[in-house]
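Residue numbers (this note's numbering), protein chains in the order written: chain V, 160 to 242; chain Y, 6 to 259. These notes concern the structure reproduced below.
Following this line, the structure appears as structure tokens:
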């Protein structure tokens with residue numbers, strides 16, 4: 160997905176920050192990767208489990224729409240956990 | 006397990022085999038992990054209890070790195086487990102972290118875990134034995150045993166509890182694996198149903214706004230987070246507002 164990245168340098172910095180934030184949230188939540196991927200797939204996510212793993216280890220960038228869905232999946236799953 | 010004092014002489018090998026086969030049955034009979042662990046706690050407690058020294062037992066499992074009291078032989082043990090998890094520290098959690106059996110022979114002499122020990126004493130607990138269950142990295146669990154007497158656990162009790170934990174560990178691993186597979190299957194089936202609904206709503210938004218799929222997703226996720234409504238529920242209401250259908254059948258429904 161790296162090849163699809165077309166934003167300028169500022170957007171790249173922002174995307175890296177967003178990704179670091181997502182990686183931290185994922186670690187803090189202690190969610191199993193498969194659980195997150197399944198949920199993300201269920202709300203319309205497109206990338207496979209391996210790419211999601213790479214993204215959450217800050218080794219791959221994802222298109223903005225997918226980034227949004229990953230964040231939504233984490234928010235909804237951790238809210239379920241708490242409630 | 007009928008005679009709580011145990012047979013008089015050595016037939017230890019025999020007891021081992023007996024425990025093992027009954028654990029196998031237990032795995033097959035249990036509906037879920039909680040049921041299995043409750044039965045485990047009850048058996049451990051009844052095995053170590055003797056007249057005049059009733060042992061209470063609980064099992065704490067570490068899930069998502071957070072301790073969670075999941076099962077106990079009785080309400081007293083459950084309360085004690087939860088108390089310790091609430092403090093975030095105590096003999097059982099220490100045993101869990103060190104993966105080693107830990108005995109507190111007399112709580113009134115114990116200097117560690119100050120607040121927890123004081124509260125446990127108030128609950129009438131005088132000795133604690135914590136035995137971790139080896140789950141080969143799949144999860145972490147500890148068998149917590151509480152006695153109302155100081156020195157409530159003899160050397161023989163400790164080795165009995167350790168043998169019990171060893172055999173329970175392999176059965177627990179099996180049941181954890183079965184449960185994880187079942188959960189994964191249920192999650193996937195829920196995901197397929199949810200994805201169908203969301204894909205339909207995305208298509209509707211694309212048609213209404215003459216926009217791309219990515220834009221439609223961004224509209225839907227923004228609305229979902231600003232209203233604090235789940236994406237799936239919002240998608241269902243989008244479809245309902247267009248077609249009046251509030252039940253979308255999917256091929257994945259069971």
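A virtual CB, placed ideally from N, CA and C, is assigned to each residue, including glycine. Remember, predicted model here, so these are calculated numbers, not experimental data.
Would you mind stating whether residue 202 of chain V and residue 199 of chain Y have Cβ atoms separated by less than 8 Å? yes
When you compare the CB of residue 199 of chain Y with every CB in chain V, is at least one pair closer than 8 Å? yes
Within the same chain, show all residues whose beta-carbon is closer than 6 Å to that of residue 43 of chain Y, passing over the 5 residues directly before and after it, in chain order. 76
Measuring alpha carbon to alpha carbon, tell me which of Y:28, Y:247, Y:31, Y:58 ends up nearest residue 150 of chain Y. Y:58
Whole-angstrom Cβ separation of residue 235 of chain Y and residue 229 of chain Y, contact assumed at under 8 Å? 7 Å
Under a CB-based cut-off of 8 Å, is residue 180 of chain Y close to chain V? no
May I ask whether a heavy atom of the ligand ZN can be found less than 7 Å away from the beta carbon of residue 155 of chain Y? You won't find the ligand ZN in this model; it holds no ligand whatsoever.
In three-state terms, what does DSSP make of residue 216 of chain V? coil
What's the call for residue 129 of chain Y, buried or exposed, on a 16-neighbour Cβ count within 10 Å? exposed
Can you check the stretch 101-126 of chain Y for any beta strand (DSSP E) of at least 3 residues that lies completely inside it and give the ranges in chain order? 107-109
What do you get for residue 64 of chain Y, buried or exposed, if any count of 16 or more other CB atoms within 10 angstroms of its CB means buried? buried
Rounded straight-line distance, which links the Cα of residue 91 of chain Y to that of residue 219 of chain V: 39 Å
Quick one: complete beta strand (DSSP E) runs, 3+ long, within the stretch 144-229 of chain Y? 145-152
Please check if any C-beta of chain Y sits within less than 8 Å of the C-beta of residue 227 of chain V. yes
Tell me which residues share the same chain as residue 179 of chain V and place their Cβ nearer than 7 Å to its Cβ, disregarding the 5 neighbours each side in the sequence. 217
Contact set for residue 225 of chain V: own chain, Cβ-Cβ below 7 Å, skip 5 residues either direction: 204, 205, 206
Quick one: what's got a C-beta closer than 7 Å to residue 89 of chain Y's C-beta in the same chain, skipping five residues either side? 95, 97, 98, 121
Residue 209 of chain V at chain Y interface by Cβ criterion, 8 Å: no
Under the three-state DSSP convention, the category residue 75 of chain Y falls into: strand
Could you name the residues of the stretch 206-223 of chain Y whose beta carbon sits closer than 7 Å to any beta carbon of chain V, in the order they occur along the chain? 207, 219, 222, 223
My assumption, with CB atoms under 8 Å, is that residue 138 of chain Y sits in contact with residue 158 of chain Y. Please give the rounded CB distance. The pair is not a contact, with the Cβ atoms about 17 Å apart (cut-off 8 Å).
Are the CB atoms of residue 173 of chain Y and residue 28 of chain Y within a distance shorter than 8 Å? yes
For the candidate residues Y:220, Y:215, Y:222, Y:206, whose alpha-carbon lies nearest to that of residue 248 of chain Y? Y:206
By a C-beta neighbour count over all protein chains shown, 10 Å radius and 16 as the cutoff for buried, is residue 227 of chain V buried or exposed? buried
Residue range of the alpha helix (DSSP H) that includes residue 248 of chain Y: 236-248
Check this for me: beta carbons of residue 226 of chain Y and residue 231 of chain V, under 8 Å apart or not? yes
Residue closest to residue 141 of chain Y, alpha-carbon to alpha-carbon, out of Y:165, Y:161, Y:41, Y:178: Y:178
Return the CA-CA distance between residue 192 of chain V and residue 215 of chain V, expressed in angstroms with no decimal places. 9 Å
With a threshold of 7 Å on Cβ separation, who are the neighbours of residue 264 of chain Y within its own chain once the five nearest residues in sequence on each side are excluded? Only positions 6 to 259 of chain Y appear in this structure, which leaves residue 264 of chain Y out of reach.
Buried versus exposed, by CB contacts within 10 Å (16 or more), residue 117 of chain Y: exposed
When Y:48, Y:39, Y:47, Y:208 are compared against residue 66 of chain Y, the one with the closest alpha-carbon: Y:39
Does DSSP classify residue 231 of chain Y as helix, strand or coil? helix
How many Å lie between residue 211 of chain Y and residue 194 of chain Y at the Cα? 26 Å
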